[in-house]
Every structure is written in C-alpha cells, then in structure tokens.
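Notes follow the structure.
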Amino acid sequence: MKYQYISDFFIALAYFSIPVELIYFVKKSAVFPYRWVLVQFGAFIVLCGATHLINLWTFNMHTRNVAIVMTTAKALTALVSCVTALMLVHIIPDLLSVKTRELFLKKKAAQLDREMGIIRTQEETGRHVRMLTHEIRSTLDRHTILKTTLVELGRTLALEECALWMPTRTGLELQLSYTLRHQNPVGLTVPIQLPVINQVFGTNHVVKISPNSPVARLRPAGKYMPGEVVAVRVPLLHLSNFQINDWPELSTKRYALMVLMLPSDSARQWHVHELELVEVVADQVAVALSHAAILEESMRARDLLMEQNVALDLARREAEMAVRARNDFLAVMNHEMRTPMHAIIALSSLLQETDLTPEQRLMVETILKSSNLLATLINDVLDLSRLEDGSLQLDIGTFNLHALFREVLSLIKPIASVKKLFVTLSLSSDLPEYVIGDEKRLMQILLNVVGNAVKFSKEGNVSISAFVAKSDSLRDPRAPEFFAVPSENHFYLRVQIKDTGIGITPQDIPNLFSKFTQSQALATTNSGGTGLGLAICKRFVNLMEGHIWIESEGLGKGSTAIFIIKLGIPGRANESKLPFVTKLPANHTQMSFQGLKVLVMDENGVSRMVTKGLLTHLGCDVTTVGSRDECLRVVTHEHKVVIMDVSMQGIDCYEVAVVIHERFGKRHGRPLIVALTGYTDRVTKENCMRVGMDGVILKPVSVDKMRSVLSELLEHGVVLES
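At position 543 of the sequence shown the residue is numbered 543 (UniProt numbering), and the sequence of numbers has no breaks.
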C-alpha cells in the first residue's frame, strides 16, 4: 500500500506536467492545425492525474465526500477518454497524410541537394572548361594547342598519363604524336581498324577502355595496378582544301584519339562530371585545331599571294620594259626605214616625170608601186603595234561626213577606172552632214575596205552605201559581245561596200581579220597584200565601239563588207559653222612654185639631196643646211618656207623653230616652218604644234605630195594633213 501510495503520487505529478508541456507547445507552434485536440487531450490527462491524486485518500478510511469526488473524477475521465478516442479515429488519416507529405518533402529536399551538387559540379566543370579553353585557344599553333591540352587536362584531372594519337598520312594507322610525360617513344603506330578504336570513333562520348589495349599501353610494364583509362575521339577538320605540314589531305571525316589514364595503385574512379569535362575539351580542341588550320592555310595563301604579286610585279615591269623597248625599236626602225624610202619614192617620182621609154616607165612605175606597198606595210605594222599595246588613241573632232565619203570616192575612182569598174556612192537623206569622231581613222577604214573591193574585182561594179543604223539592225548574232546603246548625243553609222569580185568561201571568212592571214582565193590572186589591212580595220572599228564583218555566198559570187561605228552628233545649233577647211582643189598640179625660196635643214646628206631634188623639180630656189647653227645663220626674210627634219640626232629642232619665231616676230614676216619626220607618234606632232610649226610631213614624200604640201602652205599658211 505504501508503494502504491508513492506511485500514485508520481503518476499524478507526471500527468499534471504533461499539460504544461502541451500548453508550451501550442503556444510556440503557430502552424499546428489541431490545437483543440491538444486541449481535449490535455483535459484527459489532467483528469487522469486528478484520479490518481484523489486515489491517495482511498487507501485509508475515507468519507462519503471523497468517494463522490473520486466517482465524479473517474466518470469525467471515462467520458473524456471516449471522446478523445473517437476524435483520434478521425484525425489519424490526416496525421498520416501529413506524414506522407513530410516524407515527400524530405525526398524532394534530397533531390534538390543532389541537383545542387550537380549544379556545383557543372559550375566547377565549366570553370575548368573555361580555363582549359582559354589556355588551349590562347594560341593558333596546332602543336602548342595539342601540347597545352594534354598539360592542362593532366593538371586539372590529376592524370598519370595523357596521350594523343593522330592519323598518319595514309589514314590506315594512328601514330602516337603527343604525350604528357615525355617519356614515351613518340612515333609508335597502331592499326586504325582495331575494335577498341572503332568503338571510340563510333560515338561522341567518352569510352572506358581496358588498360591493356594497344592505345593504353603508355607506360612500361610493372608490378602495379593500372588506373582506369578512358578514350575520346577528337574530330579533325575536313582537309580536302588544306594541306597542313605533315597532315593528310582528308576527303572523309577523320578523328584523332585522346587517351587519359588515372594514377596507378589508387581506388579513384572516373566521375560523370570529369567525363563531361573531357568531352567538352575534346570538342574545344577540334574547334581550335580548325581555326589553326584555317590560319595556317590563310598564312600560306598570303605568302603565296605575296610571291605571286612579286612575280606579277616583276613580270609587269619586264612587260613594260619590253613594250618600251619594242616601241623604241619600232620608232627607230620606222624612221630609219622611212628615210631610204623617202629617197626611193622621191627619186622615182622625179624620174617618172622625165622622158622615158615605155620599158623604162614600166620599171619606174613598178619601183613606185613596190615602194608605196612597203610604206603602207610600215604604217600598218606601226598602227597594229600601237593598237595591241593600247597606246593608240582616237583623234576625236568634228568633221564633214558627206565630204569624207566624196573624197574616198574621188580617190578610188581613178584606180577603178583603170580596171573599168563602176563605183557608186549612196548616202541616206537622214545621215548628218557634220559628226564627231576620228576622221582620219574612218577614212583609213573606208580606203582599206573599198580598196580591197576594187583590188579583188576584175569587172562589174562596187557600191558604197551609208545610212543611220536602226535599233533593230544593231544586234548581230555573229558578235554577241557587241552591244549598242542608243543615245540622243550619238548615232550608229552603218556602211556597206558590195562588190562583184572573186568572193570568199564561208570557212575563210573568220580568218580575214587575223594578222598576216589571207584566204586561199585571195592568196592565189597574187594581190600583193600583207594581211594586215582588215586586222587593223577591225581594231579601229572596235575603238569606235562598233563591229565589222564580211558576207559572201562563195567563190565567184562577190562579197559585202559591213561595218557599224559610233559617231557623235554636234550639240550646238551653230556646230556646223565651225572653221572647217575644205579639201584642196584638183588643179594643184597647175600651180607654179617658180622662184619660191625654201630652206631645207637635214643632217642626212641623201635625204637632204632628195628633198632638194623634189623642190627644185617644182621650181623652188632651195638652200640646204646640215646643222642648227648653219640654219639660224642662213635663214632670212626671203625664205618663205623652212623644212627641217625634226629627228636629227643631237639637234633640238624645236629650239630652232622657237628661235625663228622670236627672230622674225609676226607670222607674215617669218618663214613658214614645216617638220619633216619619219616618226608617226602623236607626241612628235604635238611637240611640233607646241613650238609654232605650221605643219608636219611624214616620210616618204613624192613629187605629188610635196606639190600638195607647198600648195596648202601658200594658200592656208598651214599643212592640213601630214
């Protein structure tokens, strides 16, 4: 009884302490959803404690009041106990769901912890990748890139060995090219068809391989447990357009092999983030190698381009020197050939005007004909040379187009009348009278083409027609490169020269405009041509932005030469009133130069004698000198004309002209100065005009040409045509 008494006391004390703790819990907890349940549970415990406390008085004799209190306490305790039991039946499922959510939250928390760990690992991996990428791509030298990759991977991952196997030139083997520790015999090769290599090359992920595989035997055998080994492929650039030192020209996709080994005798294994790091670094190495390949190729291309530029510059200089040398040679040869031709033609023309037997006259005419042909050949060769090197330019000016055609007709008719050919000229009514273009070159084209028509026609007629080309007739399928662009400021002149001559075969037509080429039919006629005339005409027409071609139905059926050139239209209303000088009248042969005092300056004795002979034959009083000082000493007001050879060596003939101008002052009181030269370049003519000369005569000179020059000088005070 004593022990029960003590036990009930402590049970009551414990029961009374529990509500105090529950009250503290409820007060401190702001989120607990079942506070009323705790209050009810606290009442149940208090009643239980009260029951045990009242029970202390029941061990001895007790009064009725104690029994009533005890009975009441037990009844209340039973009531509260039943109510609490019923309540717990309802709240236990909720408490269980709370527990489930708690477990779920714990799992989520664990998962978040793992994800945070992965993120931290990725951040660490990214940091290592950035560091490795910076080191790898800090240079564009492929050897440095590969060596840096091995060193940085070895340091970051604490590797025992790291190696790179590169494909050989044949592509059939892998060669050990780079190692981390420098203790391996670099240069070992393994077949590229090994299963382990095919396994690695077949995926873009890191592959764990056996430490005993051929590509993993990077250390000498020993008594140790090798560490884990992984391998990854390194894509190489498609090198079909790059040949980089000893790398092969790869037409298909190839790979290098990177092998990484953990330290031996350690329990360390590869982690996922380390494998990811290796994969990323392999891709970065591939990118860096591609950049290095492009840089090496661009540097090689730059060096090659510099070499080519140096070679081209040298070739350009050599070509310019060759062109200058050729031009100088042609100029000298042109002058040197024209000087003897001047003597031959001049003396032959003088001889032709003497009393000769028919046989002698035939010989002299043959000499003149051959000499004129040689002079034409000299002109053609020089013109062709200038056309080919681009130094010949058109002399653009305003001229009378109708008068030019009539002059061509007057020059051709005497030749045609000898062969009893009838020559006609037809000019359309809408053809402008005055145009802008190169009059001299257009006349050269017409004389050449019309001359060919007369030359190769034995009978019949030659017709010349000229009209403004319509837009629909400008396109020619034979010349797709010719593209005419109509404009208000210019028009296209179409000229057709039709003859009844020997004709041309269709296969010979394309060769007519080639240098030194004639058709078989023309060659058999022994025409004496050089094959340069039409070639030069084609180039002149091209300079005038035109097109020339020949049509013929065959041998014996004649031919038609057609050309189109671009000419300008004078823009002002008074353009037609420009100071044109009409051509010389045909009665120049009747003019007399008896007593005309002429001074001739020429250092060449033969040329000086020939020029004097021509002038003397025309009745002139001729004085000849061979030097500058002698010319300035001899010239007086009585000399009406001074003819000087401006190609005299060591003598500045332009200075002589300037001194004569200064000495005699006004034009009417000084002699007319004419240059005699064998040079046909524009610079010579411009220099003569610049110092005030009144004309330029081109060698060779015949009697008729000298007569024409003197007539122009006396009538107009200037030589209109050289």
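Built from N, CA and C at the ideal position, the CB exists for glycine as well.
If the five residues before and after V622 are omitted, its C-beta is found closer than 7 Å to the C-beta atoms of V598, V600, K612, L615, T616, all from its own chain and listed in chain order.
In the pairwise beta carbon analysis, the stretch 450-468 is classified as touching the stretch 403-420: at least three pairs are separated by under 8 Å.
By the criterion of a C-beta distance shorter than 6 Å, C162 is surrounded in its chain by L150, L153, G154, L180, L260, once the five residues flanking it on both sides are discounted. In summary, Q360 is exposed, with fewer than 16 beta-carbon neighbours lying within 10 Å of its beta-carbon over all protein chains present. Burial is judged here by how many other beta carbons sit within 10 angstroms of a residue's own beta carbon; Q284 has at least 16 and is buried. One alpha carbon belongs to T398, the other to I565, and they sit about 15 Å apart. When Cβ pairs closer than 8 Å are counted between the two stretches, the stretch 439-450 is seen to touch the stretch 535-542, the count reaching three or more.
Beta-bridge partners of A163 (DSSP): T179, V259. For the stretch 593-643, the continuous beta strand (DSSP E) assignments of 3+ residues that do not extend past its boundaries occur at 597-601, 621-625, in sequence order.
By the Cβ test, the stretch 491-501 is in contact with the stretch 460-473, since at least three Cβ pairs between them sit closer than 8 Å. For V696, no alpha helix (DSSP H) encloses it; the enclosing beta strand (DSSP E) starts and ends at 695-698. Around the beta carbon of I697, 16 or more other beta carbons sit within 10 angstroms, so the residue counts as buried. In this structure R268 is in contact with L262, their Cβ atoms being roughly 5 Å apart against a cut-off of 8 Å. Distance check between E545 and each of A561, S592, P486 places P486 closest, using alpha-carbon atoms only. With fewer than three CB-CB distances shorter than 8 Å, the stretch 502-515 does not count as touching the stretch 432-440. Cα atoms of A286 and F201: separation of roughly 14 Å, rounded to the nearest angstrom. Three or more Cβ pairs drawn from the stretch 683-692 and the stretch 655-666 lie within less than 8 Å of each other, which places the two stretches in contact. For A50, same chain residues with a beta-carbon under 7 Å away, outside a window of 5 residues either side, are A73 in chain order.
With fewer than 16 other CB atoms across the displayed protein chains lying within 10 angstroms of its CB, C82 is exposed.
Under DSSP, I464 shares a beta bridge with L425, I497. Inclusion of V641 and P671 in the CB contact set at 8 Å is warranted, their separation being smaller than that value. Of the candidates F329, P510, T505, the residue whose Cα lies closest to the Cα of G554 is T505. DSSP, read as helix, strand or coil, puts R233 in strand. A distance below 6 Å between beta-carbons, with the five flanking residues on each side excluded, links S428 to the following residues of its chain, in chain order: F467. L295 and R142 have their C-alpha atoms spaced approximately 10 Å apart. Taking the CA atoms as reference points, L174 sits about 14 Å from A231. The C-alpha of K440 is placed about 13 Å away from the C-alpha of L543. Taking 8 Å as the cut-off, the Cβ atoms of Y255 and V280 do not count as close. Pairing A346 with V610 gives a Cβ-Cβ distance under 8 Å.
The C-alpha of V635 is placed about 22 Å away from the C-alpha of E715.
Your pair V718 and G695 checks out as a contact, with CB atoms roughly 6 Å apart and the cut at 8 Å. Excluding its 5 nearest sequence neighbours in each direction, V625 has C-beta neighbours in its own chain below 6 Å: M601, C631, V634, listed in chain order. In this structure, DSSP gives T51 a helical state, which the three-state scheme calls helix.
In the DSSP assignment, Y434 falls outside any alpha helix (DSSP H) and lies within the beta strand (DSSP E) extending over 434-437.
Around the CB of N55, 16 or more other CB atoms lie within 10 Å, so the residue is classed as buried. If you draw a straight line from the Cα of I197 to the Cα of G171, it is about 13 Å long.
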